[in-house]
Structures are given as C-alpha cells and as structure tokens.
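Inspection log for the structure reproduced underneath, given as structure tokens.
Numbering (this note's numbering), first residue to last: 7 to 142.
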C-alpha cells in the first residue's frame with residue numbers, strides 16, 4: 007500500500023517536471039519568435055531603436071515577451087550573458103531551437119543575442135531581462 011502511494015507520488019512528480027520542461031521549451035520558442043519579429047521591425051524602421059555604448063541594439067525585454075514579471079528558467083541574473091550559451095547551461099532539450107537561432111543569426115548578419123539583467127532600484131518595477139543584438 008505504501009509502496010504504491012510512493013510510486014504514484016513519484017510518477018506525479020515526473021509528470022509535473024515534464025510539464026514545466028515543456029513550458030520552458032515553449033518559452034524559448036516564444037522568446038525567439040519575439041526577437042525575430044522585433045528585429046524585423048527595427049530593420050524596417052517600424053520600431054524605436056535604442057543602441058547602447060557597445061553598439062548593441064535593444065530588441066525587447068522579458069516583460070514584453072512574457073507579458074508579466076517572468077522569473078522562470080529563462081530568467082538570468084547575470085549582468086550580461088550570451089543567449090545561446092545561457093540556453094545550453096539551462097539543460098533544457100532545446101538543441102533544435104539553438105540551431106535555428108544560430109542559423110537566423112548567420113542569415114541576418116547578427117553577431118549575437120545578449121541577455122542583460124536590469125534591476126530597478128526605485129522598487130516600483132521588478133527586475134527584468136533585456137535582449138540586445140549586435141550586428142556584424
């Protein structure tokens with residue numbers, strides 16, 4: 007009886023982990039689709055352009071992509087980190103998505119996508135991530 011309850015409990019945990027992983031993979035796809043869409047708008051002059059001192063162009067933020075304060079697997083607290091390297095470190099099964107991102111970067115003459123952690127010291131807004139691209 008107890009062993010059956012333990013098996014059911016473990017099975018439920020496995021299902022929950024798989025659902026979280028599936029949601030995270032879908033979030034990677036949503037993020038990449040948003041970056042592609044907003045980059046096209048920037049290139050076509052239909053989106054405000056902000057360029058930092060390193061010459062990178064702001065594409066979007068985690069708040070804009072996920073429509074709320076997002077603190078899941080794709081949230082980085084690193085000052086700056088390469089998106090592809092970050093995705094590899096998460097351990098998510100996103101090899102296909104990483105290859106798509108690499109091909110898109112190459113096709114669009116983009117050096118990289120960088121994640122930047124932004125903390126709001128005014129305490130009004132919660133921390134978020136910005137996503138920057140650097141053209142070759």
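Heads up, the beta-carbon is just placed ideally off N, CA and C, and yes, glycines get one too.
These numbers come from a predicted model, not from an experiment.
DSSP-derived helix/strand/coil call for residue i
| i | result |
| --- | --- |
| residue 136 | strand |
| residue 82 | coil |
| residue 93 | helix |
| residue 43 | helix |
| residue 121 | strand |
| residue 98 | coil |
| residue 142 | coil |
| residue 64 | strand |
| residue 16 | Only weak support is given to the placement of residue 16: the predicted model assigns it a pLDDT of 48, under 50, and the question is left unresolved by the model. |
Contact set for residue i: own chain, Cβ-Cβ below 8 Å, skip 5 residues either direction
| i | result |
| --- | --- |
| residue 48 | 55, 63, 65 |
Straight-line Cα distance separating residue j from residue i
| i | j | result |
| --- | --- | --- |
| residue 111 | residue 142 | 10 Å |
| residue 68 | residue 81 | 8 Å |
| residue 107 | residue 71 | 17 Å |
| residue 51 | residue 114 | 16 Å |
| residue 23 | residue 92 | 20 Å |
| residue 16 | residue 103 | Caution is warranted here: a pLDDT of 48 is assigned to residue 16, below 50, making its placement in the model unreliable, and the coordinate value is therefore given only provisionally. The straight-line gap from Cα to Cα measures roughly 30 Å. |
| residue 78 | residue 88 | 17 Å |
| residue 101 | residue 95 | 12 Å |
| residue 73 | residue 60 | 28 Å |
Expected contact under 8 Å - CB spacing of residue i and residue j to nearest Å
| i | j | result |
| --- | --- | --- |
| residue 119 | residue 41 | 6 Å |
| residue 135 | residue 122 | 7 Å |
Cutoff 7 Å; reference residue i; Cβ partners in own chain excluding five residues on either side
| i | result |
| --- | --- |
| residue 117 | 140, 141, 142 |
| residue 83 | 123 |
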